[in-house]
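Counting with the working numbering, you get residues 17 to 122 for the letters of the sequence shown. Below is one structure; the comments refer to it alone.
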Amino acid sequence: MNEEARYLSKDEPKLTRFIEEQELAENHATAQAERRALRRGKEPFDLDRLLRLYTPRSIQRVPERDKPENRVEWEQEYRYQYYVIHPEISTLEEFADLLFQSDLYE
Numbered sequence: 017m018n019e020e021a022r023y024l025s026k027d028e029p030k031l032t033r034f035i036e037e038q039e040l041a042e043n044h045a046t047a048q049a050e051r052r053a054l055r056r057g058k059e060p061f062d063l064d065r066l067l068r069l070y071t072p073r074s075i076q077r078v079p080e081r082d083k084p085e086n087r088v089e090w091e092q093e094y095r096y097q098y099y100v101i102h103p104e105i106s107t108l109e110e111f112a113d114l115l116f117q118s119d120l121y122e
């Protein structure tokens, strides 16, 4: 085993733990932001409705990303953006417009 491989395998548990902690923190932040947003009257997140309003550019470029097994990742990613990153947006239609605009600059 070369030095780089030894270093990476030694740090793998630390990296895995770090990623798990990041995911937990994101999930917690999303849950808190969602509760606050719904109390303010923000439209509840609905992935099916969002995907009717907006087709992610990444699906157009990489169709296999739209497989059902990836749905949980899509749900988490967009829910986090909707509640945590963009608390000022109050409807899924506004969010879809924002996502479409950001695709134009990719």
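Cβ coordinates follow ideal geometry from the N, Cα and C atoms, glycine included. From a predicted model like this one, the values you see are computed outputs, not experimental measurements.
Legend entry - CB contact flag (L108, R65, <8 Å): Going by C-beta atoms, L108 is nearer than 8 Å to R65.
Inset, instruction - Tell whether a beta-carbon distance below 8 Å holds between V8 and A41. - result: Here the chain covers residues 17 to 122 and nothing more, so residue 8 does not appear.
Legend entry - Cα-Cα separation between R95 and R55, rounded to whole angstroms: Approximately 16 Å between the Cα atoms of the pair.
Legend entry - Residues of its chain near W90, where Cβ-Cβ distance is below 7 Å and the 5 sequence neighbours each way are ignored: Cβ contact annotation for W90 (same chain, cutoff 7 Å, sequence separation greater than five): L63, in chain order.
Legend entry - Other residues of its chain near F111: CB distance less than 6 Å, five sequence neighbours each side excluded: Hits under 6 Å: Y98 and I105.
Inset, instruction - Grab the span of the alpha helix (DSSP H) containing V88 for me, first residue to last. - result: Here the alpha helix (DSSP H) through V88 covers R87 to Y96.
Legend entry - Cβ-Cβ distance between P103 and A47 below 8 Å: No, the pair does not count as a contact, with Cβ atoms beyond the cut-off.
Inset, instruction - Apply the 10 Å Cβ neighbour rule to F61 and answer buried if 16 or more other Cβ atoms are within range, or exposed otherwise. - result: Taking a 10 Å sphere around the C-beta of F61, we find 16 or more other C-beta atoms and assign the residue as buried.
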